[in-house]
Each structure stands twice: as structure tokens, then as C-alpha cells.
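Report on the structure given below.
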Amino acid sequence: MPEGASVRVVLFDLGGVLVELNGVAPMLRWLGYRMPTEDLWRKWLHSPSVRSFETGRIEGPEFARQLIEEFDIRVDEHEFLKAFTSWPTGLFPGALELVAQIPRRYVRAVLSNTNELHWPRVRDEMEIGGAFDHYFVSHLTGRIKPDAAAFEHVVESLQCQPAEVLFLDDNLLNVEAARKVGMEALVVRGAQEAERALRDARVLG
27 MPEGASVRVV LFDLGGVLVE LNGVAPMLRW LGYRMPTEDL WRKWLHSPSV
77 RSFETGRIEG PEFARQLIEE FDIRVDEHEF LKAFTSWPTG LFPGALELVA
127 QIPRRYVRAV LSNTNELHWP RVRDEMEIGG AFDHYFVSHL TGRIKPDAAA
177 FEHVVESLQC QPAEVLFLDD NLLNVEAARK VGMEALVVRG AQEAERALRD
227 ARVLG
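Sequential numbering of the sequence shown, starting at 27, is according to the working numbering.
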């Protein structure tokens, strides 16, 4: 377990850690429950259409068209985009308060796979904008988890060593990728688990 003395950067994923998402249920329903949740997440993270959209290479309507075809799901493009935009439902209780508790000697940063539809809602409606020192969001950086380049970009931008970064994400694939580049990384789901992880790491007293 990392200790606060060696950690300089606390790096948060957003969805599933600070922001509640409801995307799994509709995707499974549209898929006709043809695959388990774990397989859906793996397919989502490696999906060409998702990666294109969440690195800013295509826009919403084209993303909907490509994803519906790729996943062979039972929904029209308009309905999909309407539902997809609403997937971030709000912050987990205590999320912003948790971030505010992190002592100022630590750099507070976000590393999130997101897109032109979700990011404005999370940044503005949910007031994530202004809570952190740095934001590494995939559709603006062009780098996406679990690619090593996404984590390396954070380290290069913040001029730190990978081992000085404590990364919290709800997806094991992303956590394993962060560890491979040398970061301390933990799987957490929700703000309460994130708080426990920060206390265990002695970032919080």
C-alpha cells in the first residue's frame, strides 16, 4: 500500500468513483442480456466506436451509428443518444467533499474516458470543474485508458514519477494498466471506498 509521504499526485477516475453512472443496465437490455457485465465492460473499453468518440475523432451521431452496428443492439440512434447523454446521473454522496479534504500539498487530478456529451454535464452541472488542479479527459487529450499513453501523458504533463501517482479507478483493466507504467493504483467503487483508500494510503488523516 502506498504511503502519503511518497505520493505527490492523487489521480481520480470519475465514472464509478465520484460520478454515478447508469449505462450498464440499458446496454445489457439493448443487448438482450447476451453477455455478462464484465464482458460488456471489456468490450466497451476496447470498442473502436467508443475509442473514436472518446478521443474526439467522431461526433455523437456518428458514434451512435457505429456503436449500434458494432454491438448489434436493439435501439435507434436518437433513442440511444438521448439515453447515453443521461448515463451520468450525479455525484456519489460526499464526492466533492472528499476531494476538498485532500491536503493542498498533493496535486489533485482527473484521468477520465469521457466525451462531448458527458463532460459538459459532469464539469458544469455536477460542479467537478474547479474541484481539481488538472483534468486529463480523453476527448480533449486524444488519449484513452487503458492505453499506456494516457497514463504516460499525465506523468509527463505533471513532471512527476509514475510511483508518485496514486490512481483510483473502478475498473480493474485500467488499474492494471496504470500499475504497468509504475503508478500506485487501486480499484475503488464510489466515494466511500475512495475515502478508505486515501486513508489507507495516509493521504487523509
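Beta carbons: idealized from backbone N, C-alpha and C, even for Gly.
What is the DSSP secondary structure of residue 144, reduced to helix, strand or coil? coil
Check whether the Cβ atoms of residue 193 and residue 211 lie closer than 7 Å to each other. yes
Under 7 Å between C-beta atoms of residue 75 and residue 96: yes
Where residue 118 falls: helix, strand or coil (DSSP): coil
Report the option in 141, 87, 222 whose CA atom is closest to the CA atom of residue 41. 141
How would you label residue 38, buried or exposed, when you count the other beta carbons within 10 angstroms and need 16 or more for buried? buried
Within its chain, find whatever has a CB closer than 7 Å to the CB of residue 223; leave out the 5 residues flanking it on each side and keep chain order. 194, 212, 214
Rounded separation between residue 152 and residue 117 - CA only: 7 Å
Among the residues of its own chain, which have a CB less than 6 Å from the CB of residue 196, if the five just before and after it don't count? 42, 43, 215
So which of 174, 229, 47, 183 has the shortest CA-CA distance to residue 110? 47
Name the DSSP bridge partner or partners of residue 138? 163
Leaving out five residues before and five after residue 144 in sequence, what residues of the same chain have Cβ atoms less than 6 Å from its Cβ? 114
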